[in-house]
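Written below as structure tokens is the structure these notes are about.
Residue numbers (the numbering used here): -12 to 680.
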């Protein structure tokens, strides 16, 4: 049994494939012990599937099914954002100990003279320099002395460090000196993050920052994954219980590798949603789409132009991270985002969140602050009787009490609460949250040279369907696609993700401009790629993940000579023309005659995993009113309108109806505004359009 699990700020989503059917379960996350909530959810889902008789039709005494858990985790992200990582010791080339603090001259706010920078992850007392030197072309100029390494090891042993980061100058060109130092430091029995093993690329500060981040996260991630593996094996009652972890790049790896290189998991959860959106878009024949994942604490968006974009230049908590990640843009707007009135009387929403504990006021778990979820309940867009399949009844009275407190505080206690004021405030909270999410959508489309009007919005997450139509209207998008089980769509993407292994190497090779040298140049690149592929394949074989279906994807990072940054394009004999085209798209111009150079070579090995068949259903003539479970007033456009609630499970392919309407299901709720129409397609997706769908 393979189960995909996505741990969010409010809910933990579990998904299992039973043939062509997708079965899901949502449970509250347990922030104090994330593994506990996961294991409880997995056990509940396994029991429900077994009781239904779809998997494991065996007697209790029979040999249990092997269990594979594929997990998208926020442990690394939260550890960094909350600064609850390890006590890290840093070893670098002598004279470069302060590079982690100096950084680059870039400032996040150019004209802020009072900007306060976060302290570095490694304090000055825990930084050591080694007298060694490797030249830029890889020649060893000075080897580290054994006596000095022994001294540093003794000092480090007394320092109380939990983890070690090792990053020497130019070790990406020749790692010999770094291997010598690593061998000495590993005698301490602590996790050692080594730069040429994690990121053998140039740009010293970004490489150093990435390695330090890895060391900062390694102990906590290692302990967490070890605990999770023990729990999975106990549930499976066999050593065949395995844990795999979603990487930020959109592929999965073993738990052991994720424990060694946790920096590759910092955007683990959002990556699963992008993978699922790309799979759905391909299945539906949609080439251009934007994935929109709105959960309890944040909203994650990604542009899909045939395939998800990947970047090697991202930041987290203000720190650069240079490992490959899907180009996801996140904002602090989710169902649990807190609403408040600032000192100037302006309404603010997020980025702070109520999380899973205590959660929104309407959850009845002790929360008293107003959230976006409370606002949607007040407006009637959420229904108390049909939230999470009726397993949780929302407390409308608690939501109104929290709104009364916010209303009194915003008016200095002199304003008397009125029903209209309540709706207006709730509508304002939704509008502010929408504005934040609209800006995020513009960042990944308009600001990168794409016209969003040619894109469809693939909406998912527990709260996505409540806001998707409003955002599609604001940006003029072609329409909205809401897949089945949208509240657990990221967990489905994690389950569908392929096993991947990414390797890279900085080369700094000039691109020849003569036809005579071109063939030899391509032959040299092919040999270098083959070397990288052998390295990656050896890693997969050690982890017993290599399969005959494995494929290799090659890319080159190219720039015009003299530029400071590069563009990554697929490698082929015509990569130069592709680079010129991408450069013009990104910056508005291209220099076809200007000399170019290849900066990095990148290889991704992909081992495909099983995908569920996409079942196409024929349209069924049926009265859609049979799917209506109730009718109630819902606030739209400044007034209450009578609005039907449709049960999504009763809607059949070909069903079509105009808004206003609310569509309820176990994992999410979808709002169809008065100016939109909804159609159920042959794959049971909801299609929302302003014009005829």
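Note that CB positions come from ideal geometry on N, CA and C, so glycine has one too.
Classification of residue i by the beta-carbon crowding that lies within 10 angstroms, buried from 16 upward
{"i": "residue 552", "result": "exposed"}
{"i": "residue 219", "result": "buried"}
{"i": "residue 406", "result": "Its pLDDT being 49, under 50, residue 406 is placed unreliably by the model, and nothing is read from it."}
{"i": "residue 119", "result": "buried"}
{"i": "residue 607", "result": "exposed"}
{"i": "residue 93", "result": "exposed"}
{"i": "residue 624", "result": "exposed"}
{"i": "residue 570", "result": "buried"}
{"i": "residue 610", "result": "exposed"}
{"i": "residue 101", "result": "exposed"}
{"i": "residue 427", "result": "buried"}
{"i": "residue 128", "result": "exposed"}
{"i": "residue 317", "result": "buried"}
{"i": "residue 95", "result": "exposed"}
Spatial distance of residue i from residue j (CA atoms)
{"i": "residue 382", "j": "residue 185", "result": "49 Å"}
{"i": "residue 11", "j": "residue 1", "result": "6 Å"}
{"i": "residue 514", "j": "residue 508", "result": "10 Å"}
{"i": "residue 26", "j": "residue 628", "result": "43 Å"}
{"i": "residue 254", "j": "residue 61", "result": "8 Å"}
{"i": "residue 423", "j": "residue 320", "result": "7 Å"}
{"i": "residue 492", "j": "residue 544", "result": "10 Å"}
{"i": "residue 156", "j": "residue 460", "result": "51 Å"}
{"i": "residue 501", "j": "residue 495", "result": "18 Å"}
{"i": "residue 533", "j": "residue 238", "result": "14 Å"}
{"i": "residue 245", "j": "residue 639", "result": "42 Å"}
{"i": "residue 294", "j": "residue 269", "result": "9 Å"}
{"i": "residue 104", "j": "residue 35", "result": "50 Å"}
{"i": "residue 357", "j": "residue 668", "result": "36 Å"}
{"i": "residue 126", "j": "residue 324", "result": "54 Å"}
{"i": "residue 476", "j": "residue 69", "result": "27 Å"}
{"i": "residue 336", "j": "residue 375", "result": "24 Å"}
{"i": "residue 251", "j": "residue 194", "result": "13 Å"}
{"i": "residue 645", "j": "residue 673", "result": "13 Å"}
Helix, strand or coil at residue i according to DSSP, with G and I counted as helix
{"i": "residue 638", "result": "coil"}
{"i": "residue 377", "result": "helix"}
{"i": "residue 413", "result": "helix"}
{"i": "residue 229", "result": "strand"}
{"i": "residue 389", "result": "helix"}
{"i": "residue 245", "result": "helix"}
{"i": "residue 631", "result": "strand"}
{"i": "residue 547", "result": "strand"}
{"i": "residue 598", "result": "coil"}
{"i": "residue 68", "result": "helix"}
{"i": "residue 359", "result": "helix"}
{"i": "residue 2", "result": "strand"}
{"i": "residue 197", "result": "helix"}
{"i": "residue 423", "result": "helix"}
{"i": "residue 209", "result": "helix"}
{"i": "residue -12", "result": "coil"}
{"i": "residue 603", "result": "coil"}
{"i": "residue 15", "result": "strand"}
{"i": "residue 89", "result": "helix"}
{"i": "residue 493", "result": "strand"}
{"i": "residue 95", "result": "coil"}
{"i": "residue 123", "result": "coil"}
{"i": "residue 79", "result": "strand"}
{"i": "residue 152", "result": "strand"}
Proximal residues to residue i (C-beta, below 7 Å), its chain only, five neighbours per side dropped
{"i": "residue 302", "result": "308"}
{"i": "residue 490", "result": "519, 522, 523 and 590"}
{"i": "residue 539", "result": "520, 590 and 592"}
{"i": "residue 658", "result": "368, 452, 453, 456 and 649"}
{"i": "residue 242", "result": "212, 216, 230, 231 and 232"}
CB-CB length for residue i against residue j, believed under 8 Å
{"i": "residue 154", "j": "residue 198", "result": "5 Å"}
{"i": "residue 158", "j": "residue 121", "result": "7 Å"}
{"i": "residue 233", "j": "residue 59", "result": "4 Å"}
{"i": "residue 554", "j": "residue 566", "result": "6 Å"}
6 Å Cβ shell around residue i - same chain, five flanking residues per side excluded
{"i": "residue 257", "result": "287 and 315"}
{"i": "residue 228", "result": "54, 219 and 220"}
{"i": "residue 66", "result": "72, 204 and 207"}
{"i": "residue 299", "result": "309 and 311"}
{"i": "residue 614", "result": "633, 634, 637 and 638"}
8 Å CB neighbourhood of residue i in its chain, flanking five on each side removed
{"i": "residue 485", "result": "238, 239, 593, 594, 595 and 596"}
{"i": "residue 432", "result": "277, 290, 438, 439, 442 and 462"}
Closer than 8 Å: residue i CB and nearest the ligand GTP heavy atom
{"i": "residue 509", "result": "Among the components of this structure there are no ligands whatsoever, and the ligand GTP is therefore not found."}
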